[in-house]
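Residue numbers (the numbering used here): 51 to 779.
By construction, the Cβ of each residue, glycine as well, lies at the ideal position given by its N, Cα and C atoms.
This report concerns only the one structure given below.
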């Protein structure tokens, strides 16, 4: 009991302080129904418990109210039994055979009957099974778990410290409990009490447990195992912990049975044995151990040493979720969200994630954010999603575990979802999670370094990060590492390694890798050329919706690469990819409509398609749009626009546009005539092996266009153009 409760009376035990204030009338909340009182007045609080709170147990009410409620049963109460046999009896009515040492009793909170009263069973009922049992009816360890948060809220650290027992006091308390054979007492309570005590006190407590364990005290055997498992008061020794849990489990100690199952499942202190783990979870679950029921659900969910049965898993999660087990509430939400063992119900999933999130379950806070982000089971709200990811990430920083929230928060900052775009913040969050081993964050950090997102561009670091994540099996990183080797990004170019990496990730179903593998076979990158294999790979990825592969498959049918020429199929594939905004396919579709390939000629459609692709920055489409304006194809003739478009594409190094710009300057199309500029442009394009420009350069030297007449040079360029034309044929 904290100091304010001790001074102010019994009623304060049934309320938690909501905020830390030194006022004598703090803001409090009923522990049974969560009703809040902005200003705590004991009379109002007691009246609430007596008349309004439907969940308040009998012993929370005033004495007169208790007498009214218990008129029929109180006559059977044997106060001698309570006095002699301990406080657990205060929570039970004696309803028959009260002269017997094991009378017929009934829980005064939930009215559960026990034909034969056994104190240990009665206490276990209050601790684990009675949904209405007040905190002060539970064993010391259970009370400590429940009031810990309240103590932290109401008292300063120094006040808490002053109330903590020292090692000798705890040792004395343990001794008393052992003499009473209080089997509900266990080590977590003691460890919580001694969090701020000195190391010598931990050793004292450890020795006390050891001494009691050697005398066969069951809970001390368990507690000793716990101390060995955590390295409290002794060196950490998981083998010793395993042996002690095994000893206590053999004598029916429920928590030990559960812990032993966990040790077998994870291979801690012993060889991994999933069969034994399953059997132990089942044994403890049958005795009502909540964590064991939950873990048994995990076993059925994942087929761990039993047949996979999602229906049974769902029922087990549901069973313990109804008792407030927060991990099970989360899992139940997952089941409803994904239709695991039950019909899919996204609204229920959302509600369950919300319930668990309110209990500060990090995975549930994260999943609730996902629900708001995608509008799953609720209205889409990216701002709320961002806030939840942020909360989960902040909790993650304090408690190491799932780093997904920090990663997602980084994605939100990077893309400006629910908040202002902040690439620097995104980079920092990816870095934080990556340093803690989060594999997706390592990958994203690599992208940041490769593209200079939120930091300076550093291709060497990008390569190293992709390599680190790839070695851990991250599929996207394997693909990106392949790209680095193919293009020499942050490392020496190595097409053989690139091909092998694409092959690895393609075998794992990565569509980009299947596409890249097709490209390697088509262009002999790191392997021998094999156009049939390339066609098959493009087809495989295209059938699974990969847009670039749909375009490439169209090219295969257009040119007969690895298959027969089929312009109708090519047209359909370009159309499919164009509808998915593939800019190359939009351009190709324009060419097909302009020339009547695989479809009827439609120059208006062709013009619109070129215009659409040009606005997306496609250089060939900018050039083609210039041709349309120059020649009036699908639109009105406009030489000025044509000149501007040729100039735009020429500045982006498009050879055809450089040639066309030369023609415009030579003939005064859309601009003033300037033969010198025309000659210079033809020369630039000719150096890039443009056939038309080489021929035009011959004409310039032959007729003195923009340069002096030079018959020998003229003959040289005409001859070069002729040879190129023959080679093309």
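| Cα separation between residue 557 and residue 307? | 43 Å
| field | Per-residue DSSP class, three states only, for residue 606 | value | helix
| query | With 16 as the cutoff for other CB atoms within 10 Å, does residue 76 come out buried or exposed? | reply | buried
| query | For residue 553, which residues of its own chain have a beta-carbon under 7 Å away from its beta-carbon, when the five flanking residues on both sides are left out? | reply | 567
| query | Starting from residue 681 and walking both ways along the alpha helix (DSSP H), at which residues does that stretch end? | reply | 669-681
| Inter-residue spacing [alpha-carbon to alpha-carbon] between residue 863 and residue 176 | Residue 863 is absent from the structure shown; the chain starts at 51 and stops at 779.
| query | Whole alpha helix (DSSP H) runs in the stretch 536-603 with 4 or more residues, listed along the chain? | reply | 545-557, 561-573 and 581-593
| Identity of the residues DSSP links to residue 66 by a beta bridge | 79
| request: Return the Cβ separation of residue 621 and residue 642 in integer angstroms, given the expectation that the two are a contact with Cβ distance under 8 Å. | output: 5 Å
| task | Can you tell me which of the three DSSP states residue 293 falls into? | result | helix
| message | Between which two residues does the alpha helix (DSSP H) holding residue 633 run? | response | 633-645
| field | Beta-carbon proximity check, residue 418 vs residue 443, cutoff 8 Å | value | no
| message | Does residue 321 come out as helix, strand or coil in the three-state DSSP assignment? | response | coil
| request: Count the C-beta pairs between the stretch 430-438 and the stretch 472-480 that are closer than 8 Å, then say yes if the count reaches three, no if not. | output: no
| said: Please return the same chain residues whose Cβ sits closer than 7 Å to the Cβ of residue 585, not counting the five positions on each side in sequence. | reply: 606, 611, 612 and 613
| In chain order, which beta strand (DSSP E) runs of at least 3 residues are fully inside the stretch 480-508? | none
| query | If you drop the 5 nearest sequence neighbours on each side, which residues of the same chain put their C-beta closer than 6 Å to that of residue 738? | reply | 705
| Nearest to residue 716 by alpha carbon, out of 631, 693, 168 and 513? | 693
| request: Measure the alpha-carbon distance for residue 572 versus residue 595 and round it to whole angstroms. | output: 20 Å
| said: Using 8 Å as the threshold, is the C-beta distance between residue 380 and residue 413 below it? | reply: yes
| query | Is residue 769 helix, strand or coil when you go by DSSP? | reply | helix
| query | What three-state label does DSSP hand residue 617 in the structure shown? | reply | helix
| query | DSSP on residue 157, reduced to helix/strand/coil? | reply | strand
| said: Rounding to the nearest angstrom, what Cα-Cα distance links residue 252 and residue 528 in this structure? | reply: 49 Å
| said: So, for residue 401: in the same chain, excluding its five sequence neighbours on each side, which residues have a beta-carbon less than 7 Å away from its beta-carbon? | reply: none
| Best match in 254, 390, 156 and 653 for proximity to residue 682 [C-alpha to C-alpha] | 653
| request: Could you check the C-alpha separation between residue 501 and residue 511 for me, to the nearest Å? | output: 11 Å
| message | Can you tell me whether residue 309 is buried or exposed? The criterion is at least 16 other CB atoms within 10 Å of its CB, across all chains shown. | response | buried
| With respect to the alpha helix (DSSP H) encompassing residue 651, which residues constitute its N-terminal and C-terminal limits? | Run containing residue 651: none; DSSP gives neither H nor E here.
| Heavy atom of the ligand MG within 7 Å of residue 181 beta-carbon | Inclusion of the ligand MG in the displayed structure is not the case, the ligand content being empty and no account of it being possible.
| query | Where do the ends of the alpha helix (DSSP H) carrying residue 181 lie? | reply | Taken as a continuous stretch (DSSP letters only), residue 181 belongs to no alpha helix (DSSP H), as it is neither H nor E.
| Helix, strand or coil: which one does DSSP assign to residue 285? | coil
| task | Label residue 775 either buried or exposed according to how many other C-beta atoms from any shown protein chain fall within 10 Å of its C-beta, with 16 as the threshold for buried. | result | exposed
| message | With a threshold of 8 Å between beta carbons, is residue 431 in contact with chain B? | response | The structure shown contains no chain B, having only a single protein chain.
| field | Straight-line gap, residue 769 to residue 729 (C-alpha atoms, nearest Å) | value | 18 Å
| request: Use the C-beta contact count for residue 753: other C-beta atoms within 10 angstroms, 16 or more gives buried, fewer gives exposed. | output: exposed
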